[in-house]
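Q: In our numbering, the protein residues as written are 46 to 112.
Dropping the structure in here first, questions after.
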Ligand SMILES: [Zn+2]
């Protein structure tokens, strides 16, 4: 509907719970992982060590506040 409310992208990381692809999403100042299948939400830190290219690109877009 609008471009600036939320961003949400499917990653290649499987949900630890149901093995479906996790999504990375952000609100205004928070980035997190969530599973649309089982509605679980995970902190980004849990998956940061296995970040795929989708996640890296997503995070680049988020943390673009470099002065
Ligand atoms: Zn799941």
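Cβ coordinates follow ideal geometry from the N, Cα and C atoms, glycine included.
#1: Starting from residue 77, follow its DSSP beta bridges and name the residues at the other end.
#2: What does a CB cutoff of less than 7 Å around residue 89 pick up in its chain, not counting 5 residues either side in sequence?
#3: Report buried or exposed for residue 73, applying the criterion of at least 16 other Cβ atoms within 10 angstroms of its Cβ.
#4: Leaving out five residues before and five after residue 68 in sequence, what residues of the same chain have Cβ atoms less than 8 Å from its Cβ?
#5: Identify whether residue 102 lies in helix, strand or coil by the three-state DSSP scheme.
A: So, from the listed chains and residues:
#1: 70 and 88
#2: 76, 77 and 78
#3: exposed
#4: 53, 54, 55, 56, 78, 79, 80 and 81
#5: helix
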